[in-house]
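Worksheet for the structure shown next.
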Ligand SMILES: *Cc1c(COP(=O)(O)O)cnc(C)c1O
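Residue numbers (our numbering): 313 to 718.
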């Protein structure tokens, strides 16, 4: 049979055709009124997409560049910081803050679990300058409670900045950036905004900009104050990734269409879409008798699944690719061979979700020897979830009277 290649990976994600066309047509110089108009429009759209009143900045780098910029612009050597880590991307915060001379307190959770608020509270010191965390940890498929962490910081009277890697959280997870007290939120182009890798974006709260005034870490390319000054004039400090910025504008237009022309509503629809794809996938793999790797707090960004005992997850990854050209990811680092991950970030729809679940049933039939396996188990569970989630909302019903106690 013909096999169409499809990415089910947590970045890069499938490309939006309209964004690809916009890239191909972006033959403009960056120091022109044409580019300034594009740049100002896209920066404005990003503000709505992120959901903040603060300025959003764009950087020509992968997501990690904006993570580094947050550390180099907001901390000084010797600063006490708290890193909340539950996977490979949490470990990246730890490595980055140490690279810039911070004294790092670490709260970590085992892979597959989220952080215990009580431990976060215990680890917070009066001198903690910043707390670093992921909204969703793509390496394990877990979701962290950013609202809860923000509330905890507020209640403890901590002055620490809350710095959130939302690279796979934005567009898959409800995030009330300003309302929850998030000081820095970071996104990347190859995730929910459906365009190729190469752009990072981030926004800083007023408090964060104040911290940038006194930060003593060295920086040059990622000088956020300089970038902000230029952005206000519709310019970037250095040659911007023009084609990617054109693509981003087209993608944000597409997301707005999902909300009937309202970008914030479109972003919410995109989040709901990811939540539905993730819920379908979780129900499907559990119906096969497979176990979720992050069952207590699964993210809508990616679903991580344990293979049956004794099976290397690489077999499933390889079979899905060779038989169906469906690209799912293996575990990272020491999780390699132990899990496989199916992403739901960005341009995945009902059809894609049903297709990957159908293909997974074929692999299960041929390779997994699951007790009681029958075709249709996973698909039926996913169909049920979809039907429930897409049913028209019922009108509020009066609560059933409590049954009289016998
Ligand atoms: C993809 C990703 C990143 C950034 O990785 P880059 O390769 O630098 O773009 C950071 N954090 C999370 C949670 C991610 O999923």
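We put the beta carbon where it would ideally sit given N, CA and C, even for glycine.
Looking at residue 499 and residue 483, is the spacing between their C-beta atoms short of 9 Å? yes
Looking at residue 642 and residue 527, is the spacing between their C-beta atoms short of 9 Å? no
I believe residue 456 touches residue 426 by the beta-carbon criterion, under 8 Å. Please report the beta-carbon distance rounded to the nearest angstrom. 5 Å
Which residues in the same chain as residue 510 place their Cβ atom closer than 8 Å to its Cβ, once the five residues preceding and following it in sequence are excluded? 372, 373, 374, 501, 502, 553, 556
When the Cα of residue 441 is compared with those of 392, 421, 464, 478, which residue comes out closest? 392
State buried or exposed for residue 628, treating a residue as buried only when at least 16 other CB atoms are found within 10 Å of its CB. buried
Just list the residues that DSSP pairs residue 513 with in beta bridges. 370, 499
Between which two residues does the beta strand (DSSP E) holding residue 654 run? 652-655
Tell me which residues share the same chain as residue 604 and place their Cβ nearer than 8 Å to its Cβ, disregarding the 5 neighbours each side in the sequence. 453, 594, 597, 598, 610, 615, 616, 617, 618
Mind checking whether the beta-carbon of residue 512 lies closer than 8 Å to any heavy atom of ligand 1? yes
Buried or exposed: residue 656, going by 16 or more other Cβ atoms within 10 Å of its Cβ? buried
Considering just the uninterrupted stretch of the beta strand (DSSP E) at residue 625, what are its terminal residues? No beta strand (DSSP E) contains residue 625, which is instead part of the alpha helix (DSSP H) from 625-636.
Quick one: Cα of residue 406 to Cα of residue 416, how far? 7 Å
Are there 16 or more other CB atoms within 10 angstroms of the CB of residue 366, so buried, or fewer, so exposed? buried
Got a sec? Which residues, its chain only, sit under 8 Å from residue 717 by beta carbon, not counting five neighbours each side? Below a pLDDT of 50, predicted positions are generally treated as unreliable, and residue 717, at 47, falls in that range; the measurement from the model is reported next regardless. Within the same chain, residue 717 has no close Cβ partners at all.
Three Cβ pairs or more, each shorter than 8 Å: is that satisfied between the region 620-635 and the region 462-477? no
Mind checking whether the beta-carbon of residue 376 lies closer than 8 Å to any heavy atom of ligand 1? yes
Check the C-beta distance from residue 485 over to residue 638 and give it rounded, since I have them as a contact under 8 Å. Not a contact, Cβ separation roughly 24 Å.
Cβ pair residue 354, residue 370 closer than 9 Å: yes
Over the uninterrupted beta strand (DSSP E) stretch that includes residue 384, give me the two end residues. Run containing residue 384: none in the beta strand (DSSP E); it sits in the alpha helix (DSSP H), 375-386.
Hey, how far is the Cα of residue 472 from the Cα of residue 443? 6 Å
Per DSSP, what kind of secondary structure is residue 574 in: helix, strand or coil? coil
Can the beta-carbon of residue 600 be found less than 9 Å from the beta-carbon of residue 673? yes
CB of residue 480 to nearest heavy atom of ligand 1: below 8 Å? yes
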